[in-house]
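Throughout the sequence shown, residue numbering follows the working numbering, covering 47 to 193 in sequence.
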Amino acid sequence: MNTFFDEASRVRLVERLQKIDVQTGALWGRMSAAQMLAHCTATMQMPVGDLQVKRSFLSLIGWMFKGMIHSDKPFSKSSPTAPEFVIHDERNFETEKKRFTDAFQKLTQGPATITCHDHPFFGKMTSHDWGRLVYKHLDHHLRQFGA
Numbered sequence: 047m048n049t050f051f052d053e054a055s056r057v058r059l060v061e062r063l064q065k066i067d068v069q070t071g072a073l074w075g076r077m078s079a080a081q082m083l084a085h086c087t088a089t090m091q092m093p094v095g096d097l098q099v100k101r102s103f104l105s106l107i108g109w110m111f112k113g114m115i116h117s118d119k120p121f122s123k124s125s126p127t128a129p130e131f132v133i134h135d136e137r138n139f140e141t142e143k144k145r146f147t148d149a150f151q152k153l154t155q156g157p158a159t160i161t162c163h164d165h166p167f168f169g170k171m172t173s174h175d176w177g178r179l180v181y182k183h184l185d186h187h188l189r190q191f192g193a
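Rendered as structure tokens:
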């Protein structure tokens, strides 16, 4: 089972990320490659406490869906997200790639970096939960851009 905290899984993510450039278009959804990087950066900042997002009222039932984090089934296309993670404005690809790389690198320091903040939908999360979720989320968006 792939997790962000497995080095081989991270290496594969980086190799796939390198296939995306400013002109890479999405296979589904409306984000540009730069917006996707900004979106993914924000979601990687949450488990280390660099970004705090309020829990939504849907988190009352989110725990019932937490099993999807540990399932091998990929996230479905155009899955909903918290409003704080929706990127509406245009972004510079190189700037966002640098921000993504910085957040990615910070998270590679391992499960000890996880602050175990609540997820806005799933609620309480362990470092193992975060490792799986970050991996699956990045995989989802890399697939979105054909990588």
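In this text, a Cβ means the ideal position worked out from N, Cα and C, and glycines have one as well. Remember, predicted model here, so these are calculated numbers, not experimental data.
Span of the alpha helix (DSSP H), counted from its first residue to its last, around residue i
i: Gly-71; result: Run containing Gly-71: none; DSSP gives neither H nor E here.
i: Gly-177; result: 173-190
i: Val-60; result: 53-63
i: Gln-98; result: Careful: Gln-98 lies outside any alpha helix (DSSP H) and carries neither H nor E.
i: Ala-80; result: 79-91
Pick from the options that is closest to residue i, judged by C-alpha positions
i: Val-132; options: Gln-81, Thr-141, Arg-145; result: Gln-81
i: Gly-192; options: Arg-56, Phe-50, Arg-62; result: Arg-62
i: Ala-79; options: Pro-120, Thr-89, Asp-67; result: Asp-67
i: Ser-173; options: Ala-88, Gly-156, Asp-185; result: Gly-156
i: Pro-129; options: Val-60, Ala-88, Val-57; result: Ala-88
i: Thr-70; options: Phe-139, Met-92, Ala-84, Pro-93; result: Phe-139
i: His-134; options: Leu-83, Thr-159, Asp-175; result: Leu-83
Neighbourhood of residue i by C-beta, 7 Å cutoff - its chain only, sequence neighbours within 5 removed
i: Met-90; result: Ala-149, Phe-150, Leu-153, Val-180
i: Phe-51; result: Gly-156, Pro-157, Gly-177
i: Leu-97; result: Ala-88, Gln-91
i: Thr-49; result: Ser-55, Gly-177, Arg-178, Tyr-181
Other residues of its chain near residue i: CB distance less than 8 Å, five sequence neighbours each side excluded
i: Pro-120; result: Lys-182, Asp-185, His-186, Arg-189
i: Thr-161; result: Pro-93, Val-94, Gly-95
i: Asp-164; result: Arg-101, Ser-105, Lys-170, Met-171
i: Met-47; result: His-116, Asp-118, Arg-178
Residues of its chain near residue i, where Cβ-Cβ distance is below 6 Å and the 5 sequence neighbours each way are ignored
i: Lys-65; result: Ala-193
i: Arg-33; result: With the chain running from 47 to 193 in the structure shown, residue 33 is simply not present.
Any chain B beta carbon closer than 8 Å to residue i
i: Pro-129; result: Among the chains in the structure shown there is no chain B, since it carries only a single protein chain.
Legend entry - Runs of alpha helix (DSSP H) wholly within the region 116-153 (minimum 4 residues, chain order): 139-153
Inset, instruction - Answer yes if the region 164-175 comes into contact with the region 90-104, meaning at least three C-beta pairs across the two stretches below 8 Å, and no otherwise. - result: yes
Inset, instruction - Kindly confirm or deny that the region 141-150 and the region 113-125 touch, where touching means at least three C-beta pairs closer than 8 Å. - result: no
Inset, instruction - Pair every Cβ in the region 70-81 with every Cβ in the region 120-129, then say whether three or more of these pairs are closer than 8 Å. - result: yes
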